[in-house]
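Peer 1: Note that the protein sequences, when read in sequence, are chains A and B. Heads up, the first sequence is in our numbering, so the first residue is 1 and it goes up one at a time. Heads up, the second sequence is in our numbering, so the first residue is 193 and it goes up one at a time. Built from N, CA and C at the ideal position, the CB exists for glycine as well. Please read all numbers here as calculations on a predicted model, not as lab measurements. Just dropping this structure here.
2 protein chains.
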Amino acid sequence: MGRPKKFDPEKAVEQAAETFRVHGYAETSPQSLADSLGIGKGSLYHAFGSKHELFLKSLERYTDTQLADLKAVMDEGRPIRERVRELLTGFVEADLNDPDRCGCLVVNTAVELRASDEPAVKLLGRSFEATESVLHLAFIAAQHAGEIDADRDPKALAGLVQSSMIGLRVLVKTTSDRDRLGSIIDAAVAAI
Amino acid sequence: MGRPKKFDPEKAVEQAAETFRVHGYAETSPQSLADSLGIGKGSLYHAFGSKHELFLKSLERYTDTQLADLKAVMDEGRPIRERVRELLTGFVEADLNDPDRCGCLVVNTAVELRASDEPAVKLLGRSFEATESVLHLAFIAAQHAGEIDADRDPKALAGLVQSSMIGLRVLVKTTSDRDRLGSIIDAAVAAI
DNA sequence: AGAGTATTTGACCTTGAGGTACAAAATTCA
DNA sequence: TGAATTTTGTACCTCAAGGTCAAATACTCT
């Protein structure tokens, strides 16, 4: 009972994640957040408590979505190198298509955040681990399928692909050189 | 002539770079900047014009220093893989030894920055290119020395090492797992 | 010493961040 | 219909960011 909510909290968290991704945590004001959700600032605080609490919820939702997307790509029935290439190319192309180069909320937050923000650091740590785990499992499977040499360390490969992916998403913030980025992807795929 | 400066502008820019590295651009206030330089806020504005101008100078100095450090390591007369390992390990260890995981000003700025900040984006772009170039040249030399297969693309390898390096410095913000980070370094070195 | 020049400082200004308070509005239940 | 409950939105609060300014200070040159 009581007055019905004007907005869908789920959608709001999703929209907030996008706002944080585009403008960053520090540069997103409660007012702009409220505006982007189409509600008053008071309602926002009533519903979410604080900017930081809303941010944590947004970040969590974002990591969930991202992980699902990653799994979707890695679950495709194609050669492992094709899937990894698709993954890296997808991120790079997405970033290049955005003139503001906003990039990935997880990467952005990992850098912008203070180490003292423990809940956020934990969320990010879990997200990075989950990503690595998906890659790790895919590489193990690929080894069993004979696509990757059995003497390679699948976990280390997962870490290498992950760190290259993150590095690419940072590099793309200051360059639009598709050849250069593409050759990095080539090298990453070749390293598997 | 005129009243002599109370501080050394060179040292001040260096100190400012460190403050920006530790706290980030947005989170560094003119007041704290002035405090860290041991001067009044007015003096700071008189000497540097604005927070942003000081930031650009700081960033430029930082990139110069960083590039010199990189060259120093890559100029050592040791096997290429040892040098690359030393490079990556050095950054990771430095970051791990800092409880606040402040990391690298260039990486941090590339992420925190708005794409609309053209002078900063240019500086960062040049810095990333210069870094890649040093690695590129080192790999070419290593190929001539027979340390790296001649059929590898040295520029792509440079890009891969660079992006892994950046990725590692982001990952280390949320993890302290030396084994995991170490195995990523192993994989990166093995990929050369 | 005095003129001229450069630097220093704290006081002051405007703007907006992050958040609170409260009365009005919209619903359900009896 | 009225009571209870919940959400809404504006007005308001405090604090600090980023920056400006004028007066005081410290130097050089003549």
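With three or more beta-carbon pairs closer than 8 Å as the criterion, would you say the region 214-225 of chain B touches the region 234-244 of chain B?
Peer 2: These segments touch.
Peer 1: What span of residues does the alpha helix (DSSP H) with phenylalanine 212(B) cover, start to end?
Peer 2: 201-215
Peer 1: For alanine 348(B) versus serine 183(A), is the C-beta spacing smaller than 8 Å?
Peer 2: yes
Peer 1: With a threshold of 16 other CB atoms inside 10 Å of the CB of threonine 211(B), please say whether the residue is buried or exposed.
Peer 2: buried
Peer 1: For methionine 193(B), which of helix, strand or coil comes out of DSSP?
Peer 2: Under the three-state reduction of DSSP output, methionine 193(B) falls in the coil class, being neither helix nor strand.
Peer 1: Which residue from Tyr62(A), Lys41(A), Arg180(A) puts its Cα closest to that of lysine 11(A)?
Peer 2: Tyr62(A)
Peer 1: Can you list, in chain order, the residues of its chain whose CB lies under 6 Å from that of methionine 193(B), leaving out five sequence neighbours each side?
Peer 2: none
Peer 1: Who are the neighbours of aspartate 186(A) on chain B, taking C-beta pairs under 7 Å?
Peer 2: Ala348
Peer 1: Taking just the CA atoms, how far does threonine 89(A) sit from aspartate 345(B)?
Peer 2: 19 Å
Peer 1: What does the alpha-carbon distance come out to for the pair valine 299(B) and alanine 342(B)?
Peer 2: The C-alpha of valine 299(B) lies about 31 Å from the C-alpha of alanine 342(B).
Peer 1: When you compare the CB positions of isoleucine 384(B) and isoleucine 166(A), do they come within less than 8 Å of one another, or not?
Peer 2: no
Peer 1: Quick one: list the residues of chain B neighbouring asparagine 108(A), beta-carbon separation under 7 Å, in chain order.
Peer 2: Val303
Peer 1: Can you tell me which of the three DSSP states asparagine 300(B) falls into?
Peer 2: DSSP places asparagine 300(B) in the helix class (H, G or I) of the three-state scheme.
Peer 1: What distance in whole Å lies between the Cβ atoms of alanine 350(B) and leucine 327(B), which are believed to be in contact at a cut-off of 8 Å?
Peer 2: 4 Å
Peer 1: Starting from leucine 160(A), find everything on chain B with Cβ-Cβ shorter than 8 Å and list it in chain order.
Peer 2: Ser356, Ile376, Ala379, Ala380, Ala383
Peer 1: Which same chain residues, not among the five before or five after glutamate 304(B), have their C-beta less than 8 Å away from its C-beta?
Peer 2: Gly216, Tyr217, Ala218
Peer 1: By how many angstroms is the C-alpha of valine 362(B) removed from the C-alpha of lysine 314(B)?
Peer 2: Going by the C-alpha atoms only, they are around 21 Å apart.
Peer 1: State yes or no: is the beta carbon of glutamate 219(B) nearer than 8 Å to at least one beta carbon in chain A?
Peer 2: yes
Peer 1: Name the chain B residues that come within less than 9 Å of alanine 115(A), Cβ to Cβ?
Peer 2: Asp290, Pro291, Asp292, Arg293, Cys294, Lys365, Thr366
Peer 1: So aspartate 153(A) contacts chain B; which residues on that side make the cut at Cβ distance below 8 Å?
Peer 2: Ser375, Asp378, Ala379
Peer 1: Can you check whether the CB of threonine 367(B) is closer than 8 Å to the CB of phenylalanine 128(A)?
Peer 2: yes
Peer 1: Residues of the region 310-325 of chain B in Cβ contact with chain A at a cutoff of 7 Å, in chain order, please.
Peer 2: Val313, Leu316, Gly317, Phe320
Peer 1: Is the beta carbon of aspartate 261(B) closer than 8 Å to that of alanine 115(A)?
Peer 2: Contact: no.
Peer 1: Short check: CB of phenylalanine 199(B) to CB of glycine 230(B), under 8 Å?
Peer 2: yes
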